[in-house]
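One structure below.
Right, dumping it as structure tokens:
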């Protein structure tokens, strides 16, 4: 008995030990710490990500999100600044702006309007059916939205002088704002607004009114003098900014600063000016007064035209009239010209016919573009020429200043040619002028005599005065596209070069 009892106790003890080995004791302290660390790390990581995203929104994307929020809460309308006018020296208007209109459509709204037309058709059909059942002889006055659309497209294309397919394409755009044409005259814009308020269709008594075609004020530049001083005044592009001449050079002054009206909007985008509205007035552009005198400009342009016709010199003629005391440009003209009110039209009839005769479209467009650039170019500023005899007064002035000639006593002999280091340089008078005074060499424009004066000056003095007259630099005229002189530098000027420069050769200068 005692032995059995001991064995049972031992067995019971073993069983109890086996059960204790598989009993759950719960997480240890170290396990809890590790779990808490993982959870805390996850929370901190999420917080860091959230903080970084908030920082990105507040710092990096602040302006973008602010603009998005404002765009949903506020509507902005632009108040166009009036472009300044351009006047000549006597106050004659050369360029001024007038109000015209921009015609635009809202394709999305148009679709909704046509859906309403279709809805009205169904109502009319239902009413007609009821009356017919009551014995009345009536029919529904329905209109086809497709007919309205086609009639509207045709009308807009005709009055705006646009291709009908392009207008039709505009109505298919997934947009709420498509500009059909800018700078539409008020009379045409008024006709369009009258038409869309009362659209009549053949065979129907219904009058359709739509709001998806509208207009907004725009400005158009007018040039009362037409082609006079065209390359000097310049013109504007379709956005109203100058791209040539004074219009381009003083664009920042003429343009002014647009204003705006900011108005509160509801959830549907409708303006609520009674809640909030703030106006920032436009600052109109400044006027520009040129030194050009239109009377002198007319004389100069007529003289150039006569000269071109008389001497058949093509398109290389240009002229400038300066105030001798101040250097102010009083007139400036280039051969050719164009009408500032129609700058893209080729003004030269022969050139226009030549371009129109080109069959290949790409070649024709290329020729048209080149012809436009040529007629717009102000040759007085953008091109250089070899001055020739015009330059001789510079050589004469330098010689007088340096006492290299005596106005009263000097004599210059011309035999028709002069030899410079084995290079013969001829005079325009092949037989020679013979003995001449200083005054006579100026009158006769004698090449050998001016070569002699250049030799008296020498390279250093000659170039000193060439530089002092400002011929190595741009004039700084307030017109765009001024070209630089191409001239003989002192360090590589030979005796033959000096001789050629003395009577106006070897150097290319702007007029």
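In our numbering, the protein residues as written are 622 to 1132.
Quick reminder that beta carbons are idealized off the backbone N, C-alpha and C, glycines included.
Own chain residues within Cβ distance below 6 Å of residue 1040, not counting five before or after: For the purposes of this step, residue 1040 is taken as the residue at position 419 of the chain shown. Once the five neighbours on either side are set aside, residue 1040 has no close Cβ partner at all.
So is residue 1056 buried or exposed if we call it buried at 16+ other beta carbons inside 10 Å? Working through the chain shown from its first residue, we reach residue 1056 at position 435. Exposed is the call here.
Measuring straight from C-alpha to C-alpha, what distance separates residue 1073 and residue 1038? To locate residue 1073, count along the chain shown from 1; it is residue 452. To locate residue 1038, count along the chain shown from 1; it is residue 417. Looking at the two C-alpha atoms, the distance is approximately 12 Å.
As assigned by DSSP and simplified to three states, the class of residue 566: Lying outside 622 to 1132, the shown extent of the chain, residue 566 is not represented and no answer is given.
Which residues bound the beta strand (DSSP E) around residue 1033? To locate residue 1033, count along the chain shown from 1; it is residue 412. First-last of the beta strand (DSSP E) with residue 1033: 1032–1035.
Please name the residue or residues paired with residue 857 in a DSSP beta bridge. To locate residue 857, count along the chain shown from 1; it is residue 236. Beta-bridge pairing links residue 857 to 863.
Between the stretch 708–723 and the stretch 837–850, do at least 3 Cβ pairs fall closer than 8 Å? yes
What span of residues does the alpha helix (DSSP H) with residue 773 cover, start to end? Counting from 1 along the chain shown, the entry for residue 773 is found at position 152. Per DSSP, residue 773 belongs to the alpha helix (DSSP H) from 766–781.
If you follow the alpha helix (DSSP H) that residue 807 is in, where does it begin and where does it stop? Here residue 807 refers to the residue found at position 186 of the chain shown. First-last of the alpha helix (DSSP H) with residue 807: 807–818.
Taking the beta strand (DSSP E) that residue 955 belongs to, which residues open and close that run? As a first step, residue 955 must be located in the chain shown, where it is residue number 334. Start and end: 950–955.
First and last residue of the uninterrupted beta strand (DSSP E) at residue 840: In the chain shown, residue 840 corresponds to position 219, counting from 1. From DSSP, the beta strand (DSSP E) with residue 840 extends over 834–843.
Classify residue 947 as buried or exposed, calling it buried when 16 or more other Cβ atoms lie within 10 Å of its own Cβ. Sequence index remark: in the chain shown, residue 947 carries index 326 (1-based). Classification of residue 947: exposed, given that the 10 Å Cβ count is below 16.
Just curious, the alpha helix (DSSP H) that residue 1069 is in, first and last residue? Taking the chain shown and counting its residues from 1, one reaches residue 1069 at position 448. Unbroken alpha helix (DSSP H) run through residue 1069: 1068–1089.
CA nearest to the CA of residue 921, picked from 899, 952, 1051: Along the chain shown, one-based indexing puts residue 921 at 300. Ranking 899, 952, 1051 by Cα distance to residue 921 puts 952 first.
For the alpha helix (DSSP H) containing residue 1176, list its first residue and its last residue. Summary: the structure shown does not reach residue 1176, with the chain confined to residues 622 through 1132, and so no result is reported for it.
Member of 960, 767, 701 whose CA lies at the smallest distance from the CA of residue 854: As a working note, residue 854 is residue 233 in the chain shown. Minimum Cα distance to residue 854 is reached at 960.
Under three-state DSSP, which class holds residue 667? Here the question's residue 667 lines up with position 46 in the chain shown. In this structure, residue 667 counts as helix in the three-state DSSP scheme.
Determine the burial state of residue 666: buried for a count of at least 16 other Cβ atoms within 10 Å of its Cβ, exposed for fewer. As a working mapping, residue 666 is identified with position 45 in the chain shown. So residue 666 ends up on the exposed side.
Report yes or no: do the stretch 782–796 and the stretch 702–712 share at least 3 C-beta pairs separated by less than 8 Å? no
Proximity to residue 907 [Cα-Cα], best of 883, 925, 873: Counting from 1 along the chain shown, the entry for residue 907 is found at position 286. Nearest C-alpha to residue 907: 873.
Considering only the alpha carbon of each residue, which of 760, 1009, 903 lies closest to residue 700? Working through the chain shown from its first residue, we reach residue 700 at position 79. Closest by alpha carbon: 903.
Whether residue 1119 touches residue 1091 by CB criterion (7 Å): Here residue 1119 corresponds to residue number 498 of the chain shown, with the count starting at 1. Here residue 1091 corresponds to residue number 470 of the chain shown, with the count starting at 1. Not closer than 7 Å, so no.
Out of curiosity, what's the CA-to-CA distance linking residue 811 and residue 917? Translated into the one-based positions of the chain shown, residue 811 becomes position 190. Translated into the one-based positions of the chain shown, residue 917 becomes position 296. Looking at the two C-alpha atoms, the distance is approximately 41 Å.
In terms of alpha-carbon separation, which member of 963, 1101, 1107 lies closest to residue 1087? Sequence index remark: in the chain shown, residue 1087 carries index 466 (1-based). For the residues 963, 1101, 1107, the minimum Cα distance to residue 1087 belongs to 1107.
With respect to 6 Å, is the separation between the Cβ of residue 936 and the closest non-hydrogen atom of the ligand NAP below this value? Among the ligands in the structure shown, none appear at all, so the ligand NAP cannot be discussed.
Give the range of the alpha helix (DSSP H) segment to which residue 1122 is assigned. Taking the first residue of the chain shown as position 1, residue 1122 is located at position 501. Note, residue 1122: alpha helix (DSSP H), 1116–1123.
Exposed or buried, what is residue 1047 when buried is set at 16 or more other beta-carbons lying within 10 Å of its beta-carbon? As a position in the chain shown, residue 1047 is number 426, starting the count at 1. Its Cβ having fewer than 16 others within 10 Å, residue 1047 is exposed.
What does the Cβ neighbour count give for residue 836, buried or exposed, with the cut at 16 atoms within 10 Å? As a first step, residue 836 must be located in the chain shown, where it is residue number 215. It is buried - the Cβ of residue 836 has at least 16 other Cβ atoms within 10 Å.
CB residue 991 to CB residue 1033, shorter than 7 Å? Against the chain shown, residue 991 aligns to sequence position 370. Against the chain shown, residue 1033 aligns to sequence position 412. No. Outside cutoff.
Determine the DSSP secondary structure at residue 1019, reduced to helix, strand or coil. In the chain shown, the residue the question calls residue 1019 occupies position 398. DSSP places residue 1019 in helix when its eight states are reduced to three.
Below 8 Å on the Cβ atoms is my contact criterion, and I expect residue 1096 with residue 881 to pass it. Report the Cβ-Cβ distance as a whole number of Å. Your numbering for residue 1096 matches position 475 in the chain shown. Your numbering for residue 881 matches position 260 in the chain shown. With a Cβ gap of about 40 Å, residue 1096 and residue 881 do not count as contacting.
Euclidean distance between Cα positions of residue 765 and residue 827: Counting from 1 along the chain shown, the entry for residue 765 is found at position 144. Counting from 1 along the chain shown, the entry for residue 827 is found at position 206. Between residue 765 and residue 827, the C-alpha separation is close to 11 Å.
State the start and end residues of the unbroken alpha helix (DSSP H) segment that holds residue 992. Looking up residue 992 in the chain shown gives position 371. Its alpha helix (DSSP H) spans residues 982–997.
When burial is assigned at 16 or more other CB atoms within 10 Å of the CB, is residue 857 buried or exposed? Residue mapping note: residue 857 aligns to position 236 of the chain shown, counting from 1. So residue 857 counts as buried.
Throw me the rounded Cβ distance for the residue 1014 and residue 1020 pair, which I believe falls under 8 Å. Translated into the one-based positions of the chain shown, residue 1014 becomes position 393. Translated into the one-based positions of the chain shown, residue 1020 becomes position 399. Incorrect: roughly 11 Å between the Cβ atoms, too far for contact.
Please give me, in chain order, every unbroken run of the alpha helix (DSSP H) with length at least 4 that falls completely inside the stretch 1033–1063. none
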